[in-house]
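Residues in the sequence shown are numbered from 2 upward in steps of one, following the numbering used here.
All C-beta atoms in this analysis are idealised placements derived from N, C-alpha and C, irrespective of residue type, glycine included.
The next block holds one structure in the form of structure tokens; read it before the comments.
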Amino acid sequence: MGLFDSHAHYDDPRFGGDLDEVVALISSESEICPCGVETVVNIGCDVPTSRLCLELADKYPLFYAAVGIHPQDAHTFNENSIAELKEMLEHPKAVAIGEIGLDYKYENAPRQVQKDVFRRLMELARETGYPVCIHDRDAHGDVFDIIREFPDVKGVMHSFSSSPEMAKQYVRMGWYISFSGTVTFKNAAVVPEAAKAVPLDRLLVETDAPYLAPVPYRGKRNKSCYAYATCARLAELHGVSTEEMVQITRENALRFFKMLQK
Ligand code: NI
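Below you can see the structure in the form of structure tokens.
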């Protein structure tokens, strides 16, 4: 009964050379992660990487996939994109639409293009019934407003970085909140406060590998076994044991991604 990493990018070139070894390492019980990693959802950032995530899911039993278009890649959206993503969602290991959202720090695409693409993908979620994984960087207000246009769509806020009040709003809407290594960073005081504000049954844990490795691995290439340190921090904030937090976040993720009936 191992850890569930709800958001990773093992399709990233940084895993190109040694992915077999990394998968063997994270799957096994180790000092870094005594329970081992049971499941990972790889998240697509455009059509080609979404396909790659599905190919990885075909190859490795512990991998599942989300397909979507990241706001930094919104300029790659074209009239075929929705049909291509829809076809990919037919894959038995496709469990969500993501990552989608808005990024006002890196405006590779103008804000209006990002918003248009975000709305198209939220529409796809409404139509297909898949949950969404949301990327929100420096765009908290606009992300919230667009999400509220789609009350039937449920999702997770990935690597949550907004306020405890915002976290509570999403929880009231039936959403989940996912925390990455940033909850362990000493200079990010608001993130632990937000993590405390989320009830246990709505918490997810993630790596965002290869990015955002938690303390004490900060700066290294992140991998799913390191999420045990993130679970330990979340456990401390909620007054439960790390083992309990691993179980809680795994059960939440299975429910969120509707994997219990798969
Ligand atoms: Ni990501």
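Within its chain, find whatever has a CB closer than 6 Å to the CB of K182; leave out the 5 residues flanking it on each side and keep chain order.
The sequence given here places Gly at residue 182; Lys does not occur at that position. These residues qualify, in order along the chain: L213, A214, P215 and T231.
Can you tell me the Cβ-Cβ gap for D153 and R127, rounded? I've got them flagged as a contact below 8 Å.
5 Å
For the ligand NI, any of its heavy atoms closer than 7 Å to the Cβ of D209?
The beta carbon of D209 sits closer than 7 Å to at least one heavy atom of the ligand NI.
For the beta strand (DSSP E) containing N43, name the first residue and the last one.
Segment V38 to I44, the beta strand (DSSP E) holding N43.
Is the region 25-40 touching the region 75-93, taking contact as three or more C-beta pairs under 8 Å?
No, the region 25-40 is not in contact with the region 75-93.
Just verifying my parser: in three-state terms, what is the DSSP assignment at D6?
strand
Rounded to the nearest angstrom, how far is the Cβ of P132 from that of F258, given a contact under 8 Å?
7 Å
Could you tell me whether any non-hydrogen atom of the ligand NI is closer than 7 Å to the CB of I98?
no
Output needed for M123: all residues of its chain with C-beta closer than 8 Å, excluding positions within five of it in sequence on either side, in chain order.
I101, V133, I147, I148, E150, F151 and V154
With respect to 7 Å, is the separation between the Cβ of I178 and the closest non-hydrogen atom of the ligand NI below this value?
no
Hey, D209 and N188 are a contact pair by Cβ (cut 8 Å); roughly how many whole angstroms apart?
Not confirmed; about 18 Å, so no contact.
I'd like the span of the alpha helix (DSSP H) that includes D146, first residue to last.
H141 to R149
If you drop the 5 nearest sequence neighbours on each side, which residues of the same chain put their C-beta closer than 6 Å to that of S7?
V42, S179, L205, E207 and A254
Rounded to the nearest angstrom, how far is the Cβ of A75 from that of A110, given a contact under 8 Å?
4 Å
Please classify M89: does DSSP put it in a helix, a strand, or coil?
helix
Could you tell me the distance, in whole angstroms, from the CA atom of H141 to the CA atom of D104?
9 Å
What separation, rounded to the nearest whole angstrom, lies between the Cα atoms of K269 and R121?
This structure cannot speak to residue 269, because the chain is shown only from 2 to 263.
Return yes when at least one heavy atom of the ligand NI lies under 7 Å from the C-beta of A44, else no.
The sequence given here has Ile at residue 44, not Ala. Flag set: Cβ of I44 near the ligand NI.
Quick one, are the C-beta atoms of Y229 and C34 less than 8 Å apart?
yes
What does a CB cutoff of less than 6 Å around S163 pick up in its chain, not counting 5 residues either side in sequence?
H141
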